[in-house]
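Input: a single structure, listed below in structure tokens.
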Amino acid sequence: MSLSFRSAVLMLALSACGWAQAQKGETVKVAWIDPLSGLMAPVGSNQLKSFQFLADKFSQNNPAGVKFEVIGIDNKLSPAESLNALKSAMDQGVRYITQGNGSSVAGALIDAINKHNERNPGKEVIYLNHSAVDPDFTNSKCSYWHFRFDADTSMKMEAMSSFMKDLPEIKKIYLLNQNYSHGHQVAKYAKETIGRKRPDIQFVGEDLHPLAQVRDFAPYIAKIKASGADTVITGNWGSDLALLIKAANEGGFNGKFFTYYTGVTGTPTALGKGGEGRVYQIAYNHYNMGGQMAQWMKEFQTKYKDDFYTGSAIHIFNYLGEAMAKAQSTDPVKVAAAMHGLKLKSFNGEVEMRKLDHQLQQTLFMSVWQKADKKFPYNPENTGMTLVPVKTFEPYISSTPTSCQMKTP
Amino acid sequence: MEFFLISLLNGVSYGLLLFMLSAGLTLIFSMMGVLNFAHASFYMLGAYLGYILNGIWGFVPALLLAPIAVGCLGGIFEKYFLRRVHAYGHVPELLITFGLAYVVLEVVQLLWGRSAVAFAPPAWLQKPAFTLIGGPGSSGLQWAWGAVTQAQCQGDVVCSPFPASRAFMMAVALAMVLSLWGLITRTRVGLVIQAALTHPQAVQTLGHNVPRVFMWVFGVGTGLAALAGVIGGSTFVTEPSMAATVGSVTFVVIVIGGLGSLAGAFWASVLIGTVQTWAVAVDLSLMDMLRHLGFSSAYPVSSGAWSNLTLSQAAPILPYLFLVLMLVFRPKGLMGQRED
Amino acid sequence: MPRPFVTHAQLPRGQAKIWMALLAAVLLLAPWVFDTPFAQAVLTQVGIAMVACLSFNILLGQGGMLSFGHAVYSGLGAYMAMHVMQWSGSGGFAVPISLIPLVGGLCGMGFAVILGFVTTRKSGTTLAMITLGLAELVFAMSLMFSDFFGGEAGLSGNRVQGRPVWGVDFKTQTQVYFLIAAYTWVCVGLMYAFTQTPLGRLLNAVRDNAERLSFIGYQPQRVRYLAFIIAGFFAGISGGMGVVHFEIVTAEVVGATRSGAYLLFTFLGGAGFFVGPILGAVGMVVSAVLLSEWSPAWLLYLGLVFMGMVMFAPGGMASIALWHWHWMRQAGAALLWPWYGALLASAAMAGLGATSAIEFFYHQQLQTLGGQPMRWLGVQWAVHQPGPWVAAVSILVLGLAGWVYCQKQWDRVWSQAMADTPRGQP
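So the protein sequences, as listed, match chains S, H and V.
Terminal number for the first sequence in this note's numbering: 422, no gaps in between.
Terminal number for the second sequence in this note's numbering: 350, no gaps in between.
Terminal number for the third sequence in this note's numbering: 432, no gaps in between.
Next up, the structure:
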């Protein structure tokens, strides 16, 4: 009996070791579903390159010893296409999806993945959200299978209002946003947080313009000037932001702009030297962070002649590696359980994947657009300008409450 | 007051840009009955070629050469592609321009990438043309050529510069209107064009080479679109989606003005440009207007309801609303002669 | 309006039944051949597209009405169907999922009754412009009225609701496919039957010569209006089917891109034939879902193919198929087969050369894979060297030269065969 018992223990021990080693060298496929054509194509192709670059780097060095493979699928910014892309990815054996350009697509994916996971136990899929910042995804639409690695609109606004409350020269604010969910959320949280911290600040105007259709922002600038505002808060991105600031320069509006997306592909070129010292950005990174980030940014620029700014991808790979090592498996159910509440150290400090709503709590930076110099040398898209950090916000400052009632399986 | 004036000037300048685009389209439609869906694509090509030529030789050579280059491309397209489908009827002609729009978009993205390119007007156009000084702090409305110093714009005094690039846009558009009018009414070529507009077969029997006239008109029409492209691309932004944004509004303009009428296109584009610019300034919604009149709602109205929509938010749909209303009540348009 | 590219052959009575039986067989057997969930999702979308394109062709091919806003009716039908599905799922009157497409159809018909009245008062360019205006109007409104349209995120619903009937709860893609296939088969049959009715024939008359029709005593306006309503009904069914399959509806379903796609692919399939839109629908789904994954140049290929089709084969793929049918039955066709083979080979060569050059160019410009070498047709190419380019261009030139030569030979042999044919024989 002792022989068989011992051999049984030995077998068990050996198989346990084997199981623990099971994921070493295993390839984990991650499907990137975002636009590679149309409006957001430049942003999309930059982000795909970023993910593939990082997959290479992290395959060489991660705590679980797995290899990462990124499969890029073009969803043409369409929710229906994204569902096709999801099915296609699942057919290829992919169980980790990442997406972030466009809250409409994100919402569709969360819904589809919830339904799929419910209807197909054993074939679960996890959704790693790298940039879709609609707060609803960690509030009313929260899901156990969704993990957000970007700071959402309410968090960014908390940090932004903390910065603005210490600037006495800000007295009248104008809100100019794109007329869709993101723009509405920015306006809503701006009014709420600033109203709380500086009730003396007046909101002298609010505008919602159609997304990516307005070429001529002069009428809006005229309106802003007529209202007497000294500051504009805008969630605009892409050509909407670039044209807005261009029109402001031409129309003689000299106030400050507080934005979310100055650093995204295309805007630095369109901004050029305009807006120096007046355009601010709130984000979880900036161009001159030093260390490993600076090294990777330089390498990325040499290899692709493009700028790396999707830091949330680094968070994603860090989390996948740590969670897979902790769970000793690449099975999404186990990995999700491991990521639930996981704390680790990433490129911008200590971060935590909050259990309540799967919203990453992280450090945020307020930076301003100005000339690149020896201290802050990195200049995006060869503009000679850069974003320089002026304030750092610890995670607790930007942490916002949640109404999420998450159903854990 | 200066807000009113600046808005008016903004609206008129935008309207004149629309006219530069729709003039070419009207010419092509009047001559050949072809609704050129690729017209905005030639606008885009003009902007990109202008960007390239601006980088080599400067802005003014670009302004002159880019339209000529694009006009030649247009003529080639007409001769070798459009003419071939002419025998099949109007629908295939329209469809081939439809296909051309896709192809041009892809080629432009292939050659110049998918994001915006840095096409800026020259330094002499980047300053303000003139500045309006007004506001509660100053005495009445004054104006000054060029820019004014920061010192003059302190406190309650509001300085509104009007960019030179826009003034230039208006000047070029007006010059274009005058020369087109002169060409069509005062020269022999113009007379032949006018005749071929209504009686192409008769003109052909008289010995004029009507197909060649068509080719020239198509070339001139697309050249005009390219001219608008150089100016619009440098003043606003040059990117692959510029064709799509401006394409449908151009069709609205020529239909509202009346298919086949240049004067109608002129008034319609100025009208659409001004209305769109002004609508942005009006923050009233239907509910507000009703409240002004004394009605108040007994039921709480949700924020997504249509009655809460302000005119400034509805600004983008106004041209299409006008289009549909015009087609329903007066299909001829403002000044058109033909209904079909 | 001059006689356009449509011909509209009429099938003998018995033949129509055979074709419908064949379609039923294909629809029933397809999921056994394509058995992964993704492949069946593609098949489902083909079915949805078929109904949409056939409904569009009621206007274009049969009625001569060029509509740039057909997606308005399929889209609005989809939105209403989604509202009903949401309402049914959250405690309202329980509507069986299998009837949701019908709800979409009725709503599409309703919108067509309202909007079609102003649309069809005139014909020709005016009609085209009104449809364009309405399409842009509805699309612009879809982002503004978030109560009905759900804003940018759209509306989502759940098709797995209520108790399963006979074990069918629409959890799996296969069950959804069979529902869509059933609707597709019925709609194809109904739309074909429509072409044989007096109203269908009157519609053809409106297309060919509206003035003469009014002389006989019918009102072209009324005929157009009725056809518009019927087309709106089937478009709405297509929208409702989309709701059941995707479980989400966003603003793109009423967008100009989708209307343009209906137009493009119906024309590519062949607007003059009943079966044309069916071929076009397959093309639509294949190029949007599959081709776009295989090549970044798919839109360019689409545009070029479309332009080529308009110039050389305005009757679409169906007309090309018909051309094949005719010459193969020609007496003396035996002589033509080798030249047909040669033509095919030259076309393949030219196509290979052209697509290779385009793919190389795209890879070089886009650099989406960074410094990675390019894989094309299973081989790695060093795109930065002139070698592959020279190869591609020379294959293209050879193919074109071969085509021109074979074309001449074909014409020679064809006219010989025609001359040799005794009178009265095909």
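Think of the CB as a built atom: it goes at the ideal place given N, C-alpha and C, for glycine as much as any other residue.
Note that the coordinates shown come from a computational prediction; the quantities given were computed from them, not determined experimentally.
Counting only beta-carbon separations shorter than 8 Å, does residue i have a partner in chain H?
i                  : result
Gln-371 of chain V : yes
Lys-128 of chain V : yes
Val-124 of chain V : yes
Gln-413 of chain V : no
Arg-367 of chain S : no
Ala-146 of chain V : yes
Gly-309 of chain V : yes
Thr-132 of chain V : yes
Phe-280 of chain V : no
Gly-113 of chain S : no
Gly-338 of chain V : no
Are the C-beta atoms of residue i and some chain S residue less than 8 Å apart?
i                  : result
Met-115 of chain V : no
Glu-249 of chain H : yes
Gln-323 of chain H : yes
Val-396 of chain V : no
Val-295 of chain V : yes
Ala-291 of chain H : yes
Ile-16 of chain H  : yes
Could one say the Cβ of residue i lies closer than 8 Å to chain V's Cβ atoms, at least one of them?
i                  : result
Glu-12 of chain H  : no
Gly-68 of chain H  : no
Asn-20 of chain H  : no
Leu-27 of chain H  : no
Gly-120 of chain S : yes
Tyr-193 of chain S : yes
Lys-178 of chain S : no
Given a cut-off of 8 Å, decide if residue j and residue i are closer than it, judged by their beta-carbon atoms.
i                  : j                  : result
Ala-125 of chain S : Gly-334 of chain S : no
Leu-209 of chain V : Ala-241 of chain V : no
Asp-417 of chain V : Gly-338 of chain V : no
Phe-273 of chain V : Thr-201 of chain V : no
Lys-13 of chain S  : Glu-94 of chain S  : With chain S covering 14 to 422 only, the question about residue 13 of chain S has no answer from this structure.
Thr-278 of chain S : Ser-125 of chain H : yes
Gly-246 of chain V : Ala-77 of chain V  : no
Gly-109 of chain H : Val-316 of chain V : yes
Tyr-397 of chain H : Thr-245 of chain H : A query on residue 397 of chain H cannot be resolved here, the shown segment of chain H reaching from 11 to 350 and no further.
Ala-183 of chain H : Met-30 of chain H  : yes
Ser-411 of chain S : Leu-377 of chain S : yes
Gln-105 of chain S : Thr-255 of chain H : no
Cys-59 of chain V  : Leu-82 of chain V  : no
Tyr-317 of chain S : Asp-163 of chain S : no
Gly-276 of chain S : Gln-294 of chain S : yes
Gln-418 of chain S : Met-398 of chain S : no
Ile-103 of chain V : Tyr-189 of chain V : no
Leu-72 of chain V  : Ala-134 of chain V : yes
Ala-216 of chain V : Pro-226 of chain V : yes
Going along chain B, which residues have a C-beta under 9 Å from residue i?
i                  : result
Arg-132 of chain S : Of the protein chains in the structure, S, H and V, none is chain B.
For residue i and residue j, which I take to be in contact (beta-carbon distance under 8 Å), what is that distance rounded to the nearest angstrom?
i                  : j                  : result
Asn-74 of chain S  : Asp-319 of chain S : Their Cβ separation, rounded to whole angstroms, is 23 Å, which puts Asn-74 of chain S and Asp-319 of chain S out of contact at 8 Å.
Leu-63 of chain H  : Ala-48 of chain H  : About 21 Å separates the two Cβ atoms, so there is no contact after all.
Arg-108 of chain S : Ile-139 of chain S : 7 Å
Lys-259 of chain S : Gln-215 of chain S : With a Cβ gap of about 27 Å, Lys-259 of chain S and Gln-215 of chain S do not count as contacting.
Ile-86 of chain S  : Ala-119 of chain S : Actually they do not touch by this definition, with Cβ atoms about 15 Å apart.
Ala-100 of chain V : Ser-94 of chain V  : 5 Å
- Query: Where are the alpha helix (DSSP H) runs, 4 residues long or more, that stay fully inside the segment 115-146 of chain H, in chain order?
  - Reply: Those alpha helix (DSSP H) runs which fall completely within the segment 115-146 of chain H and span 4+ residues are 133-136.
- Task: List in chain order: all unbroken beta strand (DSSP E) runs of 3+ residues lying wholly within the segment 173-261 of chain S.
- Result: Taken in chain order, the unbroken stretches of beta strand (DSSP E) that lie wholly in the segment 173-261 of chain S and span 3 residues or more are 185-191, 215-222 and 244-246.
- Task: Return the residues of the segment 97-108 of chain H that lie within a Cβ-Cβ distance of less than 7 Å from chain S, sorted by chain order.
- Result: From the segment 97-108 of chain H, no residue has a Cβ closer than 7 Å to chain S.
- Query: Using a beta-carbon distance cut-off of less than 9 Å, what residues from the segment 30-61 of chain V approach chain H?
  - Reply: Using a CB distance below 9 Å, no part of the segment 30-61 of chain V faces chain H.
- Message: As an exercise, report each continuous alpha helix (DSSP H) stretch of at least 4 residues that is fully enclosed by the segment 169-193 of chain H, in chain order.
- Response: Those alpha helix (DSSP H) runs which fall completely within the segment 169-193 of chain H and span 4+ residues do not exist here.
- Check each residue of the segment 313-332 of chain V: if its Cβ is closer than 7 Å to any Cβ of chain H, include it; give the result in chain order. Within the segment 313-332 of chain V, Met-313, Val-316, Met-317 and Pro-320 place their CB atoms closer than 7 Å to a CB of chain H, listed in sequence order.
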